[in-house]
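>
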Amino acid sequence: MTDRDDLRFDAGTVLTGKWHGHRYQIVRRLGSGAQGMVYLARACERKVAVKMAKDRASLISEVNVLKKLETLRGEPLGPSLFDSDDWIVNGRTIGFCAMEYLEGTPLQEALKRTSFDWTVVYLVQLLKHLQRLHETGHVFGDLKPENLMLMNPGHSVRFLDFGGATRIGRSVREYTVFFDRGYWGLGTRKAEPGYDLFACGMIMIYAALGHRFEKKGQGEGQLLQVIRTLPRLAPYQAVLAKALKGRYVSADQMRRDLLNHIMEKQEAPAACGKRSRSRANAGGGWLGAWVTASCIMTAYVLFVIVYVM
1 MTDRDDLRFD
11 AGTVLTGKWH
21 GHRYQIVRRL
31 GSGAQGMVYL
41 ARACERKVAV
51 KMAKDRASLI
61 SEVNVLKKLE
71 TLRGEPLGPS
81 LFDSDDWIVN
91 GRTIGFCAME
101 YLEGTPLQEA
111 LKRTSFDWTV
121 VYLVQLLKHL
131 QRLHETGHVF
141 GDLKPENLML
151 MNPGHSVRFL
161 DFGGATRIGR
171 SVREYTVFFD
181 RGYWGLGTRK
191 AEPGYDLFAC
201 GMIMIYAALG
211 HRFEKKGQGE
221 GQLLQVIRTL
231 PRLAPYQAVL
241 AKALKGRYVS
251 ADQMRRDLLN
261 HIMEKQEAPA
271 ACGKRSRSRA
281 NAGGGWLGAW
291 VTASCIMTAY
301 VLFVIVYVM
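Residue numbers for the sequence shown follow UniProt numbering, beginning at 1 and rising by one.
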């Protein structure tokens, strides 16, 4: 195993794979985690993300998941895998993999810039991806906004880091306490779909509050109290309670419930808009403009749901 400090390299450093001979020039560090370091690099004028691993076994597991995902049809769930190799440097062997560099907005940043309604839209798409991932026999594990990317252009959500992906039935290898049901006393760390769905519920809570918080006393009661007292979350109380308590058997089931809530919310303003149209025409342009803007927003949300998701 390699220490994380031993994986720090300066911009301009060139990696040459021992077995495949591909060369990667480091541009800058993108991030670090429990399992290693990730760099933005260039290979033949193409941007790539190079992940150097502390633990070779963990890297092999992640590479195998990425290879499995490449066999799936439809929209990619995460970055494409380009290469997996060893790099010999200063007498040490460092395992690494080169992946597609995903350009977009980290979901953590997007949640701060957009309305909460968009959080729910992103989550509907995320649940669709989770269903496909779970059908391969894996859970994502360390599911949190930092590990999700909102692609540009469009609003396509992609997984960033599969280092915590775990085969169903085993113990989750990586987790972040706020999004971990074990921390809140609402389940084990056994890898199963419900583990990821709990994290989806916590992503909604995080987006509504704008920050994380620590457990105080009985976890279930604390979380349900937060949901009841926040106006943004109250309409989704039933969905969130089922996700947090492990009542959903699949991501598709939770996704259908969220879609139903979105459709119900969009129907209410539409009915209100019809009643307000005559008053808007008589009372001035500002109300009419508001109704028009609401209709445009509704149409766009529905477009994203139908065509992107």
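Ideal placement from N, C-alpha and C gives every residue a C-beta, glycine not left out.
No experiment lies behind these values; they were computed from the predicted model shown.
1) Alpha carbon to alpha carbon, how far is E174 from H20? Give it in angstroms, no decimals.
2) Label F198 either buried or exposed according to how many other C-beta atoms from any shown protein chain fall within 10 Å of its C-beta, with 16 as the threshold for buried.
3) Could you tell me which of S58, G31 and M204 sits nearest to K112, measuring between CA atoms?
4) Which runs of the alpha helix (DSSP H), 4 residues or longer, sit entirely within the stretch 97–184?
5) Could you check how far apart the C-beta atoms of R170 and G137 are, in whole angstroms? I think they sit under 8 Å.
6) Using three-state DSSP, classify Y248 as helix, strand or coil.
7) So what does DSSP say about K54, is it helix, strand or coil?
8) Can at least three beta-carbon pairs, one atom from the stretch 88–108 and one from the stretch 185–194, be found at a separation below 8 Å?
9) Specify whether the stretch 239–249 and the stretch 132–149 touch according to this definition: at least 3 beta carbon pairs, one from each stretch, less than 8 Å apart.
10) If you check the beta carbons only, do L230 and A208 fall under 8 Å apart?
11) Kindly indicate the opening and closing residues of the alpha helix (DSSP H) around R228.
12) Quickly, what does DSSP pair R32 with across the bridge? List them, please.
13) Could you give the uninterrupted runs of the beta strand (DSSP E) lying entirely in the stretch 69–93, keeping only those of 3 residues or more?
14) Which residues bound the beta strand (DSSP E) around L15?
15) Can you say whether M99 is buried or exposed, counting buried as having 16 or more other CB atoms within 10 angstroms of its CB?
16) Is the distance from the Cβ of K18 to the Cβ of D86 below 8 Å?
17) Using DSSP with H/G/I as helix, E/B as strand and the rest coil, what is R189?
18) Does the Cβ of C44 have 16 or more other Cβ atoms within 10 Å, making it buried, or fewer, making it exposed?
19) Taking 8 Å as the cut-off, decide whether the C-beta atoms of Q35 and A53 are in contact.
20) State the DSSP-derived secondary structure class of G95, mapped to helix, strand or coil.
21) Around the Cβ of M263, are there at least 16 other Cβ atoms within 10 angstroms (buried) or fewer (exposed)?
22) Whole angstroms is fine: what's the gap from R23's alpha carbon to T13's?
23) By how many angstroms is the C-alpha of R73 removed from the C-alpha of N64?
24) In whole angstroms, what is the alpha-carbon distance linking Y183 and K215?
25) Taking the alpha-carbon positions, what's the H134 to L69 distance?
26) State yes or no: is the C-beta of V157 within less than 8 Å of the C-beta of G164?
27) Can you tell me the Cα-Cα spacing of D252 and T119, whole angstroms?
Reading it off the structure:
1) 30 Å
2) buried
3) M204
4) 107–113 and 116–135
5) Not a contact, Cβ separation roughly 10 Å.
6) coil
7) coil
8) no
9) no
10) yes
11) G219 to T229
12) Inspection of the sequence shows that residue 32 is occupied by Ser rather than by Arg. DSSP, once it has assigned bridges, lists M37 as partnering S32.
13) 81–89
14) V14 to T16
15) buried
16) yes
17) coil
18) exposed
19) yes
20) strand
21) exposed
22) 10 Å
23) 17 Å
24) 8 Å
25) 11 Å
26) no
27) 17 Å
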